[in-house]
Amino acid sequence: MHSIKLIFSALILLVVSACASTSEKQASTTTQQVANQKAPPSPTLASFCSDLENIPKNSDSDFIISHFDIQKFTDNIFTGINGKTKYFTDFKKNMLVSINSAPATLADILNNGQWKAIRYKENGNTARCMLRSYSTSTGILIIELHLYKKNNKIHISNWHDHIKNILTSEFVREIALDFKKIDDVIYSGLAKQDTPAIVNFKKLMHFANSASNNDQKASIEEFSALPPVYKNNPVYGLRMLAASKNSGDKLYIKAYQVFYRQFKNNKKFDLLYLDYFILLKEYDKALKTITDSEKRIGPDASLSLIKAYLYLKKGDRKKFYAMSLESINRDIAYENIYWVLFNEFIQQQQFKDAALVLDIMAKVFSYSFTRSRFETDPSYSEFIKTSHFNNWIDSL
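Numbering (our numbering), first residue to last: 1049 to 1444.
Take a look at the structure:
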């Protein structure tokens, strides 16, 4: 029974990694401040979705936290899962501590990126709001918020990560279901014996500890050694990948190889394999993941941009330009595609086209470009000598 108690320090951390936030910042508003504020107009589900585009980077988390329905989120996880022993009661109590950080986790995600609402679907008092963001550190993120309106207020009840293709509450629920299985073993009195269920759960416990401590090598080895009852569950495969994310390309590729071998027939993980295929330089397979994901998510400028990048890596500049144009047509305000085009024109010494892209960006995004911005970057040394650059910069 002592080893069973150790599970708290292991699998609870799996939940923490799924829901815990790196920011615990909470702001308070005085009664006087509230009294002095004018009541805002009643929000609509659609306006709430579009307003999420305007959350400034690294802003206060209170906006998202105040709209997150933690009770509904928790109900999504535990409905129908009731333990029979104090063990499960203690587990649930500990798990709720981690689950309560879910609103702050979502706030961190939304507050650290520039988001674009790319899809919206409303059904009565509920709606789905799909948002896309891109940064050099996280790459492309696509999440879908589950919204509902009650008592004149918009609530967030859940969110779907479309890169991993998982609903957050279901991710955590899978772990809770495994705790329920071991709780049934304890209730039946078999936990004192080294039954197959207990032996298997101990293996899961060791893996959970390694993954939660970001022990990349151990988490890969221990996931590979898990019995099918756990190894076939993508929740643990995703934790192995997460633990290996910052371990360097060699271990990261190894983790992907293990995950891909286990789940390659699961079509839900199309976009998840994108990094893997790019690292292996298997660009045709990477392109197929984009095509498959578009069937699920729908067309989007960011996916067109990835296709443009992949065609460029393949040396097919004709398709690179075609996909770049497709990206612009899907979202003329998608800034990343202009910088990709600009840098490619610089690389190819197509300086007239490079100046044209800068001029478009200055107009579309109201940028105030200065000569010094380009003079300090050695990659633009030839470009700034040309009449194309000088005529353009002097015209601003």
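C-beta: ideal position from N, C-alpha, C; glycine also.
None of the values given here were measured: they were computed from a predicted structure.
Residue Leu1320 holds the alpha-carbon nearest to the alpha-carbon of Ile1190 among Phe1271, Tyr1324 and Leu1320.
Pairing Tyr1415 with Met1409, the inter-Cα distance amounts to about 7 Å. Within its own chain, the residues whose Cβ lies closer than 7 Å to the Cβ of Asp1407, once the five positions on either side in sequence are excluded, are Trp1440, listed in chain order.
Looking at the backbone, the Cα of Ser1375 and that of Leu1353 are separated by about 6 Å.
The beta-carbon distance between Tyr1369 and Ile1394, rounded to whole angstroms, is 15 Å. This is too long to meet the 8 Å contact definition. By the C-beta density criterion, Ile1380 is exposed, having fewer than 16 other C-beta atoms within 10 angstroms. Three or more pairs of CB atoms, one per stretch, sit closer than 8 Å, so the stretch 1293-1307 contacts the stretch 1262-1273. Contact between the stretch 1174-1184 and the stretch 1147-1165 is established, with three or more Cβ pairs separated by less than 8 Å. The Cβ atoms of Asp1117 and Ser1260 lie no closer than 8 Å to each other.
Per DSSP, the unbroken alpha helix (DSSP H) holding Lys1361 starts and ends at Ala1349 to Lys1361. Contact annotation, Ile1326 with Ala1334: C-beta distance approximately 5 Å; criterion of less than 8 Å satisfied. By the C-beta criterion, the stretch 1129-1143 is judged not to be in contact with the stretch 1091-1104, since fewer than 3 inter-stretch pairs fall below 8 Å. Annotation: Asp1242 is outside any alpha helix (DSSP H) and is labelled neither H nor E by DSSP.
Counting of Cβ neighbours within 10 angstroms places Asn1248 among the buried residues, the total reaching 16 or more. Residues Ile1118 of the same chain have their beta carbon placed closer than 7 Å to that of Asn1148, with the five preceding and five following residues left out of the count. For the pair Tyr1359 and Val1388, the CB atoms are not nearer than the 8 Å cut-off. In this structure, the straight-line span from the alpha carbon of Ile1268 to that of Val1220 is close to 21 Å. A residue is called buried once 16 or more other Cβ atoms fall within 10 Å of its Cβ, and Glu1192 is buried on that count.
Runs of the alpha helix (DSSP H) lying entirely within the stretch 1269-1327 and spanning at least 4 residues, in chain order: 1276-1279, 1282-1292, 1297-1311 and 1322-1327. Here DSSP, grouped into helix, strand and coil, assigns Leu1444 to coil.
In this structure, the beta-carbon distance from Ile1301 to Ala1224 does not fall below 8 Å.
Burial state of Pro1151 is buried, judged by a 10 Å Cβ sphere holding 16 or more other Cβ atoms. DSSP places Trp1207 in the uninterrupted beta strand (DSSP E) bounded by Lys1201 to Asp1209.
Where Thr1337 is concerned, there is no enclosing beta strand (DSSP E), although the alpha helix (DSSP H) around it starts and stops at Tyr1331 to Ile1345.
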